[in-house]
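Colleague: Below are the structure tokens for one structure; questions will follow.
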Amino acid sequence: MEGSNGKRPQGEEEEEATAGSIGGYESLHRLLESNLSPELFKEASRLLLGLNCGRALEAISLPEGTTSLAKAHSFDVQAFRFNADKEFLRQPRVVRKAIMEKVKPMIEAAGESGVNILCLQEAWTMPFAFCTREKRWCEFAEPVDGESTQFLQQLAQKYNMVIVSPILERDVNHGEIVWNTAVVIGNHGNIIGIHRKNHIPRVGDFNESTYYMEGNTGHPVFETAYGKIAVNICYGRHHPLNWLAFGLNGAEIVLNPSATVGELSEPMWPIEARNAAIANSYFVGSINRVGTEVFPNPFTSGDGKPQHADFGHFYGSSHFSAPDASCTPSLSRYRNGLMISDMDLNLCRQIKDKWGFRMTARYDMKTASMGSLTQLVEGSDTTGSSGREEWYDSNRNEDKCRKRVNPSIVLSSKHMTICYLLR
3 MEGSNGKRPQ
13 GEEEEEATAG
23 SIGGYESLHR
33 LLESNLSPEL
43 FKEASRLLLG
53 LNCGRALEAI
63 SLPEGTTSLA
73 KAHSFDVQAF
83 RFNADKEFLR
93 QPRVVRKAIM
103 EKVKPMIEAA
113 GESGVNILCL
123 QEAWTMPFAF
133 CTREKRWCEF
143 AEPVDGESTQ
153 FLQQLAQKYN
163 MVIVSPILER
173 DVNHGEIVWN
183 TAVVIGNHGN
193 IIGIHRKNHI
203 PRVGDFNEST
213 YYMEGNTGHP
223 VFETAYGKIA
233 VNICYGRHHP
243 LNWLAFGLNG
253 AEIVLNPSAT
263 VGELSEPMWP
273 IEARNAAIAN
283 SYFVGSINRV
293 GTEVFPNPFT
303 SGDGKPQHAD
313 FGHFYGSSHF
323 SAPDASCTPS
333 LSRYRNGLMI
343 SDMDLNLCRQ
353 IKDKWGFRMT
363 ARYDMKTASM
373 GSLTQLVEGS
383 DTTGSSGREE
393 WYDSNRNEDK
403 CRKRVNPSIV
413 LSSKHMTICY
423 LLR
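Counting the sequence shown from 1 gives a position; my numbering is that position plus 2.
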């Protein structure tokens with residue numbers, strides 16, 4: 003694998019690396035690679051990662067500038083290509099997408115690799131401090147066009163890339179309400195639109211409802227120069243209908259910027275995104291925070307156990323899943339990482355044609371059940387119109403945000419190109 007041999011770093015980082023490693027290895031994939039014969043490892047990879055169009059994922063050679071940056075700043079970097087079957091009647095479109103996390107050096111590495119779409123982790127501008135229940139962390143909230151967005155706008159324009167920036171938003175135009183928001187920045191440096199987190203967790207130390215509101219933007223899909231993308235923020239991945247709504251609105255790539263810890267969700271992490279990609283015939287980019295954050299004041303978890311100063315280990319493991327059930331290996335559990343993937347978006351359409359999930363879904367049957375459920379749970383009226391469609395146009399014709407809302411089913415919302423994800 004480019005950029006790392008898979009073993010934990012030595013020296014001053016050794017203690018931290020040991021805490022997050024698997025027997026000294028960066029990931030399960032690298033543990034197996036180092037301890038199985040090549041033939042047995044190939045078979046294990048087939049079972050764990052699946053096959054892309056009947057073949058193992060193709061590794062991509064990275065530019066020397068990218069690997070040099072990875073070595074200098076100690077982040078994991080891997081690259082793979084998702085292929086589609088050869089198209090005879092339609093023009094092929096390839097999208098490269100990268101999962102990255104560390105800000106400037108990693109964005110520069112992305113620039114060296116020709117990145118077109120970049121996504122950072124959930125609430126990347128701050129510690130994930132909601133576990134503390136201390137209100138002072140609200141100071142990290144900023145307007146949509148605030149400092150972090152301005153910083154990324156310059157980089158987006160410089161590198162001609164779309165950047166998805168999940169932040170804690172302070173809505174200065176509406177009573178300074180705080181939201182968990184993904185700002186989508188166009189490749190010209192313009193703001194295409196935003197999406198606010200639909201589902202707030204009520205489990206463990208995820209005390210996020212203390213800080214921000216449930217989102218009010220529905221399930222928008224952003225039509226960029228490089229593909230139709232959507233953002234399913236963190237906890238929304240546990241809700242199948244959330245994934246479904248983005249797919250119904252035409253998403254080809256759904257990004258899932260997250261901040262989640264091992265003890266709670268790690269067994270589900272590789273399953274949920276892969277299942278969503280299969281069920282909805284689109285690509286999924288799963289981005290997770292990595293490392294352990296220790297806070298100044300110890301806090302309790304409401305479970306009768308002693309107070310503690312950390313939330314738990316954010317296990318990283320960012321990866322891509324494809325609609326044909328194939329997926330990349332995961333990045334490191336304890337180091338920053340960059341995952342690069344060429345994506346042929348024709349695969350989305352090919353899988354829809356092959357499996358016919360939309361044709362066989364029987365949404366009409368589910369609509370009646372969901373209407374009854376929403377009336378029972380929320381007292382809502384589902385007798386309204388069949389739906390409405392709104393278009394939001396930015397200053398550039400190629401950048402559009404499309405939002406479809408159907409009251410009867412919504413519970414609350416290149417040709418050759420390159421696509422990337424940040425974690």
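Every residue gets a Cβ at the ideal spot worked out from N, C-alpha and C, and that includes glycine. This one's a predicted model, so the numbers in the text were calculated from it and none came from an experiment.
What would DSSP say about R83, mapped onto helix, strand or coil?
Modeller: In this structure, R83 counts as strand in the three-state DSSP scheme.
Colleague: Roughly how far, in whole angstroms, is the beta-carbon of N338 from the beta-carbon of D78, given that I think they are within contact range, below 8 Å?
Modeller: N338 to D78, Cβ: 7 Å. Contact.
Colleague: From Q155 to N258, what distance separates their C-alpha atoms?
Modeller: Distance between the alpha carbons of Q155 and N258: 21 Å.
Colleague: Could you check the C-alpha separation between N200 and Y214 for me, to the nearest Å?
Modeller: Their Cα atoms are separated by approximately 11 Å.
Colleague: In angstroms with no decimal places, state the Cα-to-Cα distance between M163 and H190.
Modeller: Those two C-alpha atoms are separated by around 8 Å.
Colleague: How should H321 be labelled, buried or exposed, when 16 other C-beta atoms within 10 angstroms of its C-beta is the threshold for buried?
Modeller: Answer is buried; the Cβ neighbour count reaches 16.
Colleague: Let me make sure I understand the geometry here. Which of I165, F132, F142 has the alpha-carbon closest to that of E210?
Modeller: Selected option, being the one with the closest Cα: F132.
Colleague: Is it buried or exposed for V286, if we count other Cβ within 10 angstroms and need 16 for buried?
Modeller: V286 should be labelled buried.
Colleague: Apart from the five residues just before and just after D147, which ones in its own chain have a Cβ nearer than 6 Å to its Cβ?
Modeller: The answer is none, since no qualifying residue turns up.
Colleague: Classify F322 as helix, strand or coil using the three-state DSSP reduction.
Modeller: DSSP places F322 in strand when its eight states are reduced to three.
Colleague: Starting from Q168, follow its DSSP beta bridges and name the residues at the other end.
Modeller: According to the sequence provided, residue 168 is Pro. The question's Gln does not apply to it. In DSSP, P168 forms a bridge with A184.
Colleague: Just how far apart, CA to CA, sit K307 and W126?
Modeller: Going from the Cα of K307 to the Cα of W126 covers about 29 Å.
Colleague: Buried or exposed: M361, going by 16 or more other Cβ atoms within 10 Å of its Cβ?
Modeller: With fewer than 16 other Cβ atoms within 10 Å, it is exposed.
Colleague: Alpha carbon to alpha carbon, how far is A311 from P129? Give it in angstroms, no decimals.
Modeller: Roughly 13 Å between the two C-alpha positions.
Colleague: Hey, how far is the Cα of L122 from the Cα of P168?
Modeller: Their backbone Cα atoms lie some 7 Å apart in a straight line.
Colleague: Taking buried to mean at least 16 other C-beta atoms within 10 Å of its own C-beta, is S29 buried or exposed?
Modeller: Buried is the call here.
Colleague: Kindly indicate which three-state DSSP category H55 falls into: helix, strand or coil?
Modeller: The amino acid at residue 55 is misidentified as His; the sequence shows Cys. In this structure, C55 counts as coil in the three-state DSSP scheme.
Colleague: Counting pairs of beta carbons, one from the stretch 164-184 and one from the stretch 135-153, are three or more of them closer than 8 Å?
Modeller: Segments in contact, yes.
Colleague: Ends of the alpha helix (DSSP H) at S150?
Modeller: Per DSSP, S150 belongs to the alpha helix (DSSP H) from 149-161.
Colleague: Go ahead and pull the three-state DSSP assignment for A253.
Modeller: The answer is coil: DSSP assigns A253 none of H, G, I, E or B.
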